[in-house]
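Participant:
Number of protein chains: 2
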Amino acid sequence: MSSPTTQSAARESSTTADVAAGVAAEVAETADGAPSRLDGQGEGEAGHVWPVDPEQLAADPRAVQKVLDGRWAHVRDRARDTIPAQWCEPTDHLSTEEHRRVTLERLRDIVPTGEHRYGFAASATGGLGGDSVGAQTVNFEMLGHADLSLTIKAGVQWGLFAGSIQALGTAKHHERYLRDAVELDLLGCFAMTETGHGSDVANLRTTATYDEATHEFVVHSPGPEARKDYIGNAARDARLAVVYAQLVTKGERHGVHAVLVPIRDEAGNALPGVTLTDCGRKMGLNGVDNGRIVFDQVRVPRENLLDRYGQVAEDGTYTSSITNPNARFFTTLGALVKGRVCIGAAALAAAKSGLAIAVTHAERRAQFPKAGGAEGEEVTLLDYRTHQRRLLPLLASSAVYALAQDDVVAELHRVTNPVLLGAAPAPGPQKALEARAAGMKALLTWHATRSLQEAREACGGSGFLSENRIAQLKGDTDVFTTFEGDNTVLMQLLGKHLLSEHRDSLKGAGKIGQAKAVTTSLVDAYAGRTPARAVAGFVGEVVTDISALRQRTEKKQGATDDADPELFDRAWQLRVLEHRERRTLESLALRMRKRAQAGQDGFTVMNEVQDHLVLAARAHLDAWVARTADAAISRAEDERARVLLSRLLDLHVLSLVEAERGWYLERGLITPGRSRDLTTAVNALCAQVRPHALRVVDAFGLPEGWLGAHIAS
Amino acid sequence: MSSPTTQSAARESSTTADVAAGVAAEVAETADGAPSRLDGQGEGEAGHVWPVDPEQLAADPRAVQKVLDGRWAHVRDRARDTIPAQWCEPTDHLSTEEHRRVTLERLRDIVPTGEHRYGFAASATGGLGGDSVGAQTVNFEMLGHADLSLTIKAGVQWGLFAGSIQALGTAKHHERYLRDAVELDLLGCFAMTETGHGSDVANLRTTATYDEATHEFVVHSPGPEARKDYIGNAARDARLAVVYAQLVTKGERHGVHAVLVPIRDEAGNALPGVTLTDCGRKMGLNGVDNGRIVFDQVRVPRENLLDRYGQVAEDGTYTSSITNPNARFFTTLGALVKGRVCIGAAALAAAKSGLAIAVTHAERRAQFPKAGGAEGEEVTLLDYRTHQRRLLPLLASSAVYALAQDDVVAELHRVTNPVLLGAAPAPGPQKALEARAAGMKALLTWHATRSLQEAREACGGSGFLSENRIAQLKGDTDVFTTFEGDNTVLMQLLGKHLLSEHRDSLKGAGKIGQAKAVTTSLVDAYAGRTPARAVAGFVGEVVTDISALRQRTEKKQGATDDADPELFDRAWQLRVLEHRERRTLESLALRMRKRAQAGQDGFTVMNEVQDHLVLAARAHLDAWVARTADAAISRAEDERARVLLSRLLDLHVLSLVEAERGWYLERGLITPGRSRDLTTAVNALCAQVRPHALRVVDAFGLPEGWLGAHIAS
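Sequence lines, in order, name chains S and V.
In this text, residue positions in the first sequence follow the UniProt record's numbering: the first is 1, and each later residue adds one.
In this text, residue positions in the second sequence follow the UniProt record's numbering: the first is 1, and each later residue adds one.
(1) So S:Y230 contacts chain V; which residues on that side make the cut at Cβ distance below 7 Å?
(2) Is V:L392 helix, strand or coil when you go by DSSP?
(3) Compute the beta-carbon to beta-carbon distance between V:V242 and V:G159, rounded to the nearest angstrom, for a pair I have assumed lies under 8 Å.
(4) Would V:L178 and V:L240 be called neighbours here (beta carbons separated by less than 8 Å)?
(5) Just checking: is the beta-carbon of V:Y210 within a distance shorter than 8 Å of some beta-carbon in chain S?
(6) For S:A261, list the residues DSSP reports as bridge partners.
(7) Going straight from the alpha carbon of V:A402 to that of S:E411, what length do you get?
(8) For S:E454, is the classification buried or exposed, using 16 other Cβ atoms within 10 angstroms of its Cβ as the cut-off for buried?
(9) Taking S:L465 as the query, report the chain B residues whose CB atoms sit under 7 Å from its CB, ordered along the chain.
(10) Applying the 10 Å Cβ sphere with the 16-neighbour rule, what's the burial state of S:S505?
(11) Using only the alpha-carbon positions, how far apart do V:L590 and V:A258 sit?
(12) So that I know if they touch, is there some Cβ in chain S lying closer than 8 Å to that of V:G668?
(13) Quick one: using the 10 Å Cβ neighbour count with 16 as the cut-off for buried, is S:G129 buried or exposed?
(14) Whole-angstrom Cβ separation of V:A226 and V:M142, contact assumed at under 8 Å?
(15) Which residues mark the beginning and the end of the beta strand (DSSP E) in which V:E216 is found?
(16) Quick one: does V:V479 have its CB under 8 Å from some CB of chain S?
(17) At least one CB of chain V closer than 8 Å to the CB of S:G705: is that the case?
(18) Spatial neighbours of V:R236 within its chain, please: C-beta separation below 7 Å, excluding the five flanking residues on both sides.
(19) For V:T488, would you say it is in contact with chain S, using Cβ-to-Cβ distances shorter than 8 Å as the test?
(20) Buried or exposed, going by whether 16 or more other CB atoms sit within 10 Å of the CB of S:T317?
(21) As a quick exercise: from V:L168, V:H447, V:G280, pick the residue whose alpha carbon is nearest that of V:A424.
(22) Using beta carbons (cut-off 8 Å, strictly below), is V:Y318 in contact with chain S?
(23) Looking at the unbroken alpha helix (DSSP H) that takes in S:D77, where does it start and where does it end?
(24) Does the beta carbon of S:R364 sit closer than 8 Å to a beta carbon anywhere in chain V?
(25) Would V:H48 be called buried (16 or more neighbouring beta carbons within 10 Å of its own) or exposed?
(26) With a cut-off of 8 Å, do at least 3 Cβ pairs link the stretch 250-264 of chain S to the stretch 313-330 of chain S?
(27) Which partner residues of S:P112 appear in the DSSP bridge assignment?
(28) Find the nearest neighbour of V:E115 within the set V:F483, V:A135, V:R575, judged by alpha-carbon distance.
(29) Going by Cα to Cα distance, which pick from V:D407, V:L585, V:G344 is closest to V:E501?
(30) Could you pull the DSSP bridge partners for S:G119 from this structure?
(31) Return the first residue and the last residue of the alpha helix (DSSP H) that residue 742 of chain V is part of.
(32) Taking Cβ to Cβ, would you say S:R106 is nearer than 8 Å to S:D406?
(33) Counting only beta-carbon separations shorter than 8 Å, does V:K474 have a partner in chain S?
(34) So, helix, strand or coil for V:C459, using DSSP?
(35) From the beta carbon of S:T584, is the nearest beta carbon of chain V less than 8 Å away?
(36) Which residues, taken in chain order from the stretch 76-96 of chain S, show a beta carbon closer than 7 Å to some beta carbon of chain V?
This is the structure:
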């Protein structure tokens, strides 16, 4: 698929990487014996001095919540008032049918609140719409604290189904369908995925062939692989389907387009030519009726083509304002970007719920009597270091991701809200947004899976019981890592975007210009504002290893547990993450180039660097998240809130670097001593944050009863 | 609890560690400039030469299965004949009541096979018993390929309930209850865990107070914390309970003992004074009726005390052949060791099932058309590197763990079968076995959780559907990491055992003797049979870092992907794991000593090294598993089976070292270049094993239909 683009990307960026390697080698030459700057004094920003007075962390949870709530705080507050605690209670004891019924009922209960209307254009809905993609996305996140079957069904109906009519349809579709779809008088589904192809939408098999004689489209599933699969709302409730199919007119294919196809009559029976089956029981989300659809030459009128970006005239002439089919395809799929941001948001909400339950439990539950303690004196679970390490870094990451997610939503709003209101999509910003959304969806859903696993285990047997909700949260969110795009595929999408950006950043520059560009880029990565010193510093890290070994031996004798204060210097933290971001990308470009030169075919090139591609995407996200969260924290007015959040960011970043220390050590970017300090620092941070864990949970702003767990009630 | 023992452990072993540090420092002195032996030629054992002719890996699955089946192959074959494929089909669509009914029916269907009798003594069951703990454990593992609710219910009835009567009871109990319990005429439960205390059995609150006037025990739950919780069979089926309670006679406490308490009448109604409630729906295992029991002054005759290790005379006089109460407690709990080995076995079975499903699916499922491939040519999922890295190392680990588990079972059989047949327990071997069983239970259950998560994600949306079974396997096994002992607690149990062994190994030796002991121990760890050279070698790794940096830069230019052949030298692999095993333990002992000397209380000492304690236990297990599997492989007759299994062991070990490379790099034990070679080697091994993945799955020996998954049928 990607071989042509990536090969050329490799070709153009590789010279860069050659130079990069050159620079690195020079640096190695000149740096011998240079003192290790990174072991020297850091720039020590306010709030990062170590140790900090514990009192400084005792922030008012409401002040912290104000920062975490971000730009759409008013939307969050409204949801806090309207989502009943009952919706947050476990439902996994219900039968599939009962759960589906309850979920649809609750979906209808949302309508009176009007909160389902945020994301639609007032102009397209007779004044109903709220004209705000941002508000819609944030409201979806809040709904993610309720039963996730309700959340996902809401996403299917309003986000995917009605959202496609809004985004891909024109006035005639808006007038005829949109108001009913928004107000639930018309339930529908989003029929894109097929049995044969999950992530490869461009090659789906369903066809919509125009019949000039009758002015109809014939929608057909050519074989078992073309069967629409895992389609939410299809098994029970949907009457109308937005079907993604290969559009064919006059024997010519025009790529994937969306067509409206009725699948059920008023009585709920499948219409002629439409075969509907039920996907049955699932690991979770059993309140959502996922089904399969097979079309046998189903005819729909020409008007059913959602024709904002591609039109078919009565005589079958195809026209489009977007002449490039590839560009047209991505514009059509542009509607998906909001869905990915929403899934990331729901995943973050679920992770917060699960961690809040586990932390609350760990604050109450005693396990063993305290050794050497008074008779009957016991230790609560959260006093144990292993328990702190299990939960607190993930709690910190949840807060940090919340700050970053607010920026993703803002970017989504900035780029897509004008399109909602009728403007033409801007390919550039849209592409960048899609890459960011793809990566963050992967990052947040992986975070949810990991957080809920730790939360479950941290609650022991209690975590296994439905009454304590974590079981259902796990089951419901587990699919998030693979739907709306498999995470591994999405990370590669981001990685390829970064490669092309990297190439563009060097376009036109000659060899020297490239050299300069790379040197600068390396220098930036190494040193922020003070290049020469720190470039030496980074390599100095390596040459001091022998003395470091001795120091370590002595240090061992002293057995001191104090970590180097510089680890808490935000400038150092960002420098480390940003260096990794740059370095993984440049080495990726080089490896691809070498392979292409060696005559490897496109598939082999991409396949052999696939893990590297994912790594580069991850490194980029980690750096971007830290930068974004740091900026958000420094904007906070309340000082104690700044200090506490800053500590959580320290814990998040140092846990990341600790987990990836092998990578840094391999490249001599940190000394062994510094690497071991990381573990000391993470332990120390856990101990320092531990007394404030419930304060952080409070700052998530989950109203009374929203945890829906017996052990946390 | 552990402060006295651990502090003294620290005190005694610390001198060792001091010396260790000394030696390390000396080594650092002498080694300057020495060539890095680990970068030199390895000892190149047969079957480890790289690259190997791919044909050599094309082993006959039956030959590989013969090795994996191990010592109790005949038990496995019998189970393959008797467990119907239907029992392996998903059951998570069933209602709780229906699932419980089906599970009990199937339990009764096991009786005619006689396979439930392996683990009982013929002498205690009127000739029914098979007199083999080993056979019982292996049969339990095979049952782990069926619906795990059935597996666990079998474990509750035969392993825990009937097993306790067998192990802790005497002739009168065996005669009166055992035959009925074995043949399911008497269903029972094992009432140990309490709401207030999960892992802390010594401090459970339920009391059994002897009444001399009536010659009865009064069983009572003093408060909500004393409620028996998560008790399998208690919610629906059990009529008799083995209740663990604090035994009190003549106002004196004698610690935890087991008493038989009837809880339901023939009609299934709770008996007077017994309150039974249902734990309700769970994340999985819904075919098992977990419940809660509260006793209100329930009276049972004196004979109901299971009195093999502690007796109460009519007048209330307490006697025991084991005078030390602590020793008595651990002897009473000795019965649990088999349960832990069984849970590890079931976890391994579930991991194999899940990976078999995912690998089979990945061999069939095409995702994208092959870039630059012929029209319609597609790539199957398993051709992708990220997919290989996701599944193949776990597939390899499953085979490796199977080889190690066979040794655990053999050890279990050797130590406990004589006790089954009437001999007195041997404290020493029992303690070692318990430590090993605790660690392996944790290792295997964590492996199952991780494998099933990867398997689920690797199957995408299909993995989320109940019809493909992975969903249920995940839900059922998730609790394994925390029941029969929380994994983190179990790993600490092993860690403490290793500390005391370490101390004992140096007992009595003077300072010089200790120094010698440590030097030798270090030398062994460093170098196997060639100490001096390799001691230098290990430290040489560090001092060559600068040149390594240059080499790396040049290597980058060359962009060669060949990993150093020595990585495939089993001697090198074991040396690396064994060094970590030794080093983590010695540094742990030192840290504890320093803290104790600094006047820290026992709790703080243990808590601050808790993560280190778990690390040392893990390092020990990893080395032991590799040694054990290597020995098993070299015993194999079929050469190709040896080569394939040896490759799987390479993949298992190198994935481990790659994951922990940060630790090795921190200590300068491997060079950055060697560290990066690890990733290259793991990628290469994945590519080499990939064509044989289904061969490995076949070697698991799962009969037709046992996968129970639509996508793998």
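Glycine included, every Cβ here is placed at the ideal spot set by N, Cα and C.
Facilitator: The short version:
(1) By Cβ distance, chain V contributes G461.
(2) Look at V:L392 here: in three-state DSSP terms it is helix.
(3) At roughly 12 Å, the Cβ-Cβ gap does not stay under 8 Å, so V:V242 and V:G159 are not in contact.
(4) No, the pair does not count as a contact, with Cβ atoms beyond the cut-off.
(5) Not closer than 8 Å to any Cβ of chain S, the Cβ of V:Y210 fails to qualify, so no.
(6) Sequence check: residue 261 of chain S is Val here, not Ala. Answer is S:A241, bridged to S:V261.
(7) Going from the Cα of V:A402 to the Cα of S:E411 covers about 51 Å.
(8) With 16 or more other Cβ atoms from the protein chains shown falling within 10 Å of its own Cβ, S:E454 counts as buried.
(9) Structure shown: chain B not included; protein chains present are S and V.
(10) Exposed: under 16 other Cβ atoms inside 10 Å.
(11) About 40 Å.
(12) Yes, because at least one Cβ of chain S sits closer than 8 Å to the Cβ of V:G668.
(13) The residue in question, S:G129, is buried, as its Cβ has 16 or more Cβ neighbours within 10 Å.
(14) Contact doesn't hold; Cβ gap of about 37 Å is too wide.
(15) 216-220 is the span of the beta strand (DSSP E), which, as asked, contains V:E216.
(16) Chain S, which has a Cβ nearer than 8 Å to the Cβ of V:V479, makes this yes.
(17) No, no contact with chain V.
(18) Closer than 7 Å at Cβ, skipping near neighbours: R100, D289.
(19) Closer than 8 Å: yes.
(20) Label assigned to S:T317: exposed.
(21) Comparing Cα-Cα distances from V:A424 to each of V:L168, V:H447, V:G280, the minimum goes to V:L168.
(22) So no, V:Y318 is outside the interface.
(23) Residues 73-82.
(24) False, the Cβ-Cβ gap to chain V never drops below 8 Å.
(25) Any reading at V:H48 is ruled out, since the residue's pLDDT is 41, under 50, leaving its predicted position unreliable.
(26) The stretch 250-264 of chain S makes contact with the stretch 313-330 of chain S, as at least three CB pairs between them are under 8 Å.
(27) None, per the DSSP bridge assignment.
(28) If we check each option's Cα against that of V:E115, V:A135 comes out closest.
(29) Nearest C-alpha to V:E501: V:L585.
(30) For S:G119, no pairing in a beta bridge is given by DSSP.
(31) The displayed coordinates of chain V run from 1 to 713. Any statement about residue 742 of chain V would go beyond what the structure contains.
(32) Result no, Cβ atoms of S:R106 and S:D406 do not sit closer than 8 Å.
(33) The beta carbon of V:K474 sits closer than 8 Å to some beta carbon of chain S.
(34) Three-state DSSP puts V:C459 in coil, outside helix and strand.
(35) The beta-carbon of S:T584 is placed no less than 8 Å from the nearest beta-carbon of chain V.
(36) Within the stretch 76-96 of chain S, the qualifying residues are D92, H93, S95.
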